[in-house]
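**Q** Before we start, here is the structure in question, set down as structure tokens.
Protein chains: 2
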Amino acid sequence: MKLLIKNTTIVTVNDQDQVLEHADLAVSGKNIVGVGKAPLDFIPDRVIDGKGKLVMPGLINAHTHLSMTLMRNYADDLPFSDWLFKKIKPLEDHLLAEDVRFGAKLGIAEMIRGGTTCFHDMYFHMDEVASEVESSGIRACLTSALFDVSGNGEALLAQGCRLHKDWNGRSEGRITVQLGPHSPYLCSPEYLREILIEGRRLNCGIHIHVSETADELSESRRLHGCTPVQHLLNLELFSLPTLAAHAVHLEEEDFKLLSENGVSVSHNPGSNLKLANGFAPVEKMLKHSINVALGTDGAASNNNLNLFEEIHLAGLIHKAVNNSATALPAKTVIRMATINGAKALKLDQEVGSLETGKKADLIMLDIRQPHLVPCHDPLALLVYSAQASDVTTVMVDGNILMEDRQLQTLELSSILEQAAHQSIDLIERSQS
Amino acid sequence: MKLLIKNTTIVTVNDQDQVLEHADLAVSGKNIVGVGKAPLDFIPDRVIDGKGKLVMPGLINAHTHLSMTLMRNYADDLPFSDWLFKKIKPLEDHLLAEDVRFGAKLGIAEMIRGGTTCFHDMYFHMDEVASEVESSGIRACLTSALFDVSGNGEALLAQGCRLHKDWNGRSEGRITVQLGPHSPYLCSPEYLREILIEGRRLNCGIHIHVSETADELSESRRLHGCTPVQHLLNLELFSLPTLAAHAVHLEEEDFKLLSENGVSVSHNPGSNLKLANGFAPVEKMLKHSINVALGTDGAASNNNLNLFEEIHLAGLIHKAVNNSATALPAKTVIRMATINGAKALKLDQEVGSLETGKKADLIMLDIRQPHLVPCHDPLALLVYSAQASDVTTVMVDGNILMEDRQLQTLELSSILEQAAHQSIDLIERSQS
Chain H
24 MKLLIKNTTI VTVNDQDQVL EHADLAVSGK NIVGVGKAPL DFIPDRVIDG
74 KGKLVMPGLI NAHTHLSMTL MRNYADDLPF SDWLFKKIKP LEDHLLAEDV
124 RFGAKLGIAE MIRGGTTCFH DMYFHMDEVA SEVESSGIRA CLTSALFDVS
174 GNGEALLAQG CRLHKDWNGR SEGRITVQLG PHSPYLCSPE YLREILIEGR
224 RLNCGIHIHV SETADELSES RRLHGCTPVQ HLLNLELFSL PTLAAHAVHL
274 EEEDFKLLSE NGVSVSHNPG SNLKLANGFA PVEKMLKHSI NVALGTDGAA
324 SNNNLNLFEE IHLAGLIHKA VNNSATALPA KTVIRMATIN GAKALKLDQE
374 VGSLETGKKA DLIMLDIRQP HLVPCHDPLA LLVYSAQASD VTTVMVDGNI
424 LMEDRQLQTL ELSSILEQAA HQSIDLIERS QS
Chain Y
24 MKLLIKNTTI VTVNDQDQVL EHADLAVSGK NIVGVGKAPL DFIPDRVIDG
74 KGKLVMPGLI NAHTHLSMTL MRNYADDLPF SDWLFKKIKP LEDHLLAEDV
124 RFGAKLGIAE MIRGGTTCFH DMYFHMDEVA SEVESSGIRA CLTSALFDVS
174 GNGEALLAQG CRLHKDWNGR SEGRITVQLG PHSPYLCSPE YLREILIEGR
224 RLNCGIHIHV SETADELSES RRLHGCTPVQ HLLNLELFSL PTLAAHAVHL
274 EEEDFKLLSE NGVSVSHNPG SNLKLANGFA PVEKMLKHSI NVALGTDGAA
324 SNNNLNLFEE IHLAGLIHKA VNNSATALPA KTVIRMATIN GAKALKLDQE
374 VGSLETGKKA DLIMLDIRQP HLVPCHDPLA LLVYSAQASD VTTVMVDGNI
424 LMEDRQLQTL ELSSILEQAA HQSIDLIERS QS
């Protein structure tokens, strides 16, 4: 299929952050073959009128627990420990594969409707998630949550490695698999060493929660005599490509260590604020040239999977925190939600920007709407004015997953019904 | 017209914060005549199926400068003084009545589409805004911006009083008019005394910016030897019903003074964050029983008029600022966006909650959407998951202003075209 988007505004997120007006974009099969103009000999099978639209790279959600969509609006306005131990953990203790399946369907539907084309997931029963990624057409990097505090660390690690064997590179490369040690506080040093050995064997990356709460930092000091970042460095975990989720509570030395070791960070402002974990020092991370991506975390602490909201939050809160209206300008935040996410997932050679040769993972927004007029600055418009609901069209690997806000690969009404039913079932199961 | 909404979820925002499920709501003419059940003898002319919908009071935007929509995405990521003096003021120096008219049309269209049924405005050429309020069917409290630093304070005050004479109570009560001294720093003490005399004569309220920036606080100390709040109290301004916009930089004593004098505050988190003015101490205001409403400020510092975004921001940021996940729970934030706004505008006898006898100012949201399923807690859903685009139906004074997301009183495509054109015209005029 050869597709041409005509006469549109293109936010490329290339190295020059170019924004092209009255421009065309050509897609052939899975790939972008022209940005600005189509190749001379390009004869499209289909032409989409891009007037009044804006085209940008698909958003990349660098940290989520997809199937927690079933726990949306179930545990709110609670202290972190009550939220986790009294409400969320009792559900997770009773989690079945079918919960994960219906939660994943719902989450993928939500993400596509909000312009997300790729996500980095960590949860349980991940074969179910992989299977839904395969059939829905979205792109994902998947990890099975690993921890050894409950005594079944070996079995979980074996599962995580098996997930890699079964799914890494599947769906014509749309699915990649990494290892997902939950956190330094749920994984013993010995266990993290085992994960490191497996990670080296599989030649894969690591997705881990790091320094999310103030308690985690002080406990790490008490137990290991150093910060979580330093602890993981000492264990040589950063010798594998690592994505650290949260990184809210960092000490001076940590910035240098994350930067030197090429560790990416997923900044998850909605979750950090809602759980009162604080403001991640993103402005300082960026000054240290740390690659900072954006994530939603799970829908139980957000309570949605809307990256446009995270873009908005990231664009606003760091200005107030740093007492500087020039902190995290629009251009920077858009990079965080796109190319930085691709880097964090080690997919930046394939996606994250609109450039010839890359995969056609892109979204179109309808910018002829009252909250988007006038449009003097497309980047500011995306960060400060736009909404997830402005996304009309979503494409992954050259396939259209949503058009005119209609999902093309998923049947929305049955997904909503099944998820609502499954959520009640999960809660009742946990209480019986 | 007698209208019945059947079998729906009703967030009443009454004194008990009742949420009713499978409930009906009856409207007769301008008024709500039944919440939960219709009156026994009620025979509706029209029935709306409320299944899968949520009904709540229309949102009240307690502080905006509506026609600044024309300056949307025109001046971003700039320090406050550059933003104001290099970009915004040059436009305002060239502002014509037609700019205000087209900006108001655009802003009203945006607000209705986002579930706002009433707003509190302060700007120039306010007859234009009043006229657009009248024809669109929305509700508003209007003030003409008053200041005497430029030497034409008397003329502005005469205009502001004339606006009151011409428009207060018009459109069957949908329009009220107050006086709008811009701020303690743009109004001399003598001028504020004159405004107070006129306000007493007209028996109207006051809308004023107070303690928005750290500079304002330190300048007030230098010039008047006290905080802006204390300065206004000394001038007896609070003897009139007063709405203080922003109130970001308060000192210990100010909380008590605002509370004792019944001053309402419009909290405008999006603007405060974007201009790096800081985090208003809302949790502490609420502890002092200050009535805190929500506002967007103008679209030049936001960059939209989306109260669902302000609800979301208010629900999140104060948890992190106060290091407490229980700060500003969902229930509180919904009150801020509805009944507290009505109190701030002295309209709480008429609107702000869904109760028998009140005006039918209400909105319906479609909650059968992937980001709103499951719905274990309608209040949390509204604050943490919902979007402005979920609003399907908007009613003011019993009249439907939007249905199935289609505006009923405004012609959207011409408004968008005119506003875009007028915005470019304004910029060119300011540069010539």
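So the protein sequences, as listed, match chains H and Y. Counting from 1, position 239 in the first sequence corresponds to residue 262 in the working numbering; the numbering is continuous, with no gaps. Counting from 1, position 192 in the second sequence corresponds to residue 215 in the working numbering; the numbering is continuous, with no gaps. Cβ atoms here follow ideal geometry from the backbone N, Cα and C, with glycine treated the same way. No experiment lies behind these values; they were computed from the predicted model shown.
Would you verify that the beta carbon of H496 of chain Y is, or is not, closer than 8 angstroms to some beta carbon of chain H?
**A** No information on residue 496 of chain Y is available, as it lies outside the stretch 24 to 455 that chain Y covers here.
**Q** Please classify E333 of chain H: is it buried, with 16 or more other beta-carbons within 10 angstroms of its beta-carbon, or exposed?
**A** E333 of chain H is buried by the Cβ-count criterion.
**Q** In terms of residue numbering, what span does the beta strand (DSSP E) encompassing C141 of chain H cover?
**A** Its beta strand (DSSP E) spans residues 139-146.
**Q** Tell me, please, which residues DSSP counts as bridged to T416 of chain Y.
**A** Y:M387, per the DSSP bridge assignment.
**Q** Counting only beta-carbon separations shorter than 8 angstroms, does E133 of chain Y have a partner in chain H?
**A** Taking Cβ atoms only, chain H reaches closer than 8 angstroms to E133 of chain Y, which makes this a yes.
**Q** Thinking N291 of chain H and D320 of chain H are a contact (beta carbons under 8 angstroms), I'd like their distance in whole angstroms, please.
**A** Indeed, because the Cβ distance is near 4 angstroms, the residues count as touching under 8 angstroms.
**Q** Does P393 of chain H have its Cβ less than 8 angstroms from a Cβ in chain Y?
**A** Yes, P393 of chain H counts as interfacial toward chain Y.
**Q** Rounded to whole angstroms, what is the Cα-Cα separation between L114 of chain H and R358 of chain H?
**A** So the alpha carbons of these two residues sit roughly 36 angstroms apart.
**Q** Which residues, taken in chain order from the segment 108-125 of chain Y, show a beta carbon closer than 8 angstroms to some beta carbon of chain H?
**A** So nothing in the stretch comes that close.
**Q** Have a look at Y:K60, Y:R185, Y:T415, Y:A268 and flag the residue whose alpha-carbon is nearest the alpha-carbon of T87 of chain Y.
**A** Of Y:K60, Y:R185, Y:T415, Y:A268, the residue nearest in Cα terms is Y:A268.
**Q** Tell me, to the nearest whole angstrom, how far the beta carbon of E373 of chain H is from that of K366 of chain H; I am working on the premise that it is less than 8 angstroms.
**A** 11 angstroms between Cβ atoms; not a contact.
**Q** Skipping 5 residues on each side, what residues in its chain have a beta carbon closer than 7 angstroms to that of V356 of chain Y?
**A** Taken in chain order, the residues that qualify are I334, A337, G338, V406.
**Q** At the 8 angstroms Cβ level, is F142 of chain H part of the contact set with chain B, yes or no?
**A** No chain B appears in the structure shown, which is made up of the protein chains H and Y.
**Q** Please report how far the alpha carbon of V70 of chain Y lies from the alpha carbon of V50 of chain Y, in whole angstroms.
**A** V70 of chain Y and V50 of chain Y: Cα-Cα distance of roughly 10 angstroms.
**Q** Starting from I161 of chain H, find everything on chain Y with Cβ-Cβ shorter than 7 angstroms and list it in chain order.
**A** Simply none; closest approach about 13 angstroms.
**Q** I'd like to know whether the C-beta of N295 of chain H is nearer than 8 angstroms to at least one C-beta of chain Y.
**A** With 8 angstroms as the cut-off, N295 of chain H counts as an interface residue toward chain Y.
**Q** Scan the segment 65-76 of chain Y for residues whose Cβ lies nearer than 8 angstroms to a Cβ of chain H and list them as they occur along the chain.
**A** Result list empty, no residue passes.
**Q** Check whether the Cβ of I131 of chain H sits closer than 7 angstroms to any heavy atom of the ligand NAD, and report yes or no.
**A** Among the ligands in the structure shown, none appear at all, so the ligand NAD cannot be discussed.
**Q** Mind checking if N459 of chain Y is an interface residue toward chain H, Cβ cutoff 8 angstroms exclusive?
**A** No information on residue 459 of chain Y is available, as it lies outside the stretch 24 to 455 that chain Y covers here.
**Q** Who are the Cβ neighbours of K74 of chain Y in its own chain at under 6 angstroms, not counting the five residues just before and after it?
**A** If we look at K74 of chain Y and ignore the five residues flanking it on each side, its Cβ neighbours are N30.
**Q** Curious, which full-length beta strand (DSSP E) runs of at least 3 residues does the segment 122-202 of chain H contain?
**A** Runs found: 139-146, 162-169, 198-200.
**Q** D38 of chain Y by DSSP, collapsed to three states: which one?
**A** Three-state result, D38 of chain Y: coil.
**Q** Given a cut-off of 8 angstroms, decide if H117 of chain H and R452 of chain H are closer than it, judged by their beta-carbon atoms.
**A** In contact: R452 of chain H and H117 of chain H (Cβ atoms closer than 8 angstroms).
**Q** What residue range is occupied by the uninterrupted alpha helix (DSSP H) comprising G57 of chain H?
**A** Element bounds for G57 of chain H: not the alpha helix (DSSP H) but the beta strand (DSSP E), 54-59.
**Q** Please give me, in chain order, every unbroken run of the alpha helix (DSSP H) with length at least 4 that falls completely inside the segment 280-331 of chain H.
**A** Within the segment 280-331 of chain H, the complete alpha helix (DSSP H) runs of at least 4 residues are 292-297, 305-310.
**Q** I'd like to know whether the C-beta of H86 of chain H is nearer than 8 angstroms to at least one C-beta of chain Y.
**A** No, its Cβ sits nowhere closer than 8 angstroms to a Cβ of chain Y.
**Q** If we cut at 8 angstroms on Cβ distances, does E332 of chain H have a partner in chain Y?
**A** Yes, E332 of chain H lies at the interface with chain Y (some Cβ there is under 8 angstroms from its Cβ).
**Q** Whose Cβ in chain Y lies nearer than 7 angstroms to the Cβ of A411 of chain H?
**A** Under the 7 angstroms cutoff, chain Y gives Q410.
**Q** Pair every Cβ in the segment 395-405 of chain Y with every Cβ in the segment 80-96 of chain H, then say whether three or more of these pairs are closer than 8 angstroms.
**A** Taking 8 angstroms as the limit for Cβ pairs, the verdict is that the segment 80-96 of chain H does touch the segment 395-405 of chain Y.
**Q** 8 angstroms is my cut-off, CB to CB: does T361 of chain H come that close to chain Y?
**A** So no, T361 of chain H is outside the interface.
**Q** Roughly how far, in whole angstroms, is the beta-carbon of L240 of chain H from the beta-carbon of H272 of chain H, given that I think they are within contact range, below 8 angstroms?
**A** At roughly 4 angstroms, the Cβ-Cβ gap stays under 8 angstroms, so L240 of chain H and H272 of chain H are in contact.
**Q** Do A442 of chain Y and L129 of chain Y have their C-beta atoms closer together than 8 angstroms?
**A** Going by C-beta atoms, A442 of chain Y is nearer than 8 angstroms to L129 of chain Y.
**Q** Taking just the CA atoms, how far does L266 of chain Y sit from M134 of chain Y?
**A** The alpha-carbon atoms of M134 of chain Y and L266 of chain Y are separated by roughly 21 angstroms.
**Q** Leaving out the 5 sequence neighbours to the left and right, which residues in its chain are closer than 7 angstroms to H187 of chain Y when beta-carbon positions are compared?
**A** V200, L225, C227, listed in sequence order.
**Q** Below 7 angstroms on C-beta distance, what does S446 of chain H contact in chain Y?
**A** Those are P397, listed as they occur along chain Y.
**Q** So if I threshold CB-CB distances at 7 angstroms, which residues from the segment 337-350 of chain H count as touching chain Y?
**A** Those residues of the segment 337-350 of chain H that come within reach of chain Y (Cβ to Cβ, closer than 7 angstroms) are L339, I340, K342, A343, N346, S347, A348, T349.
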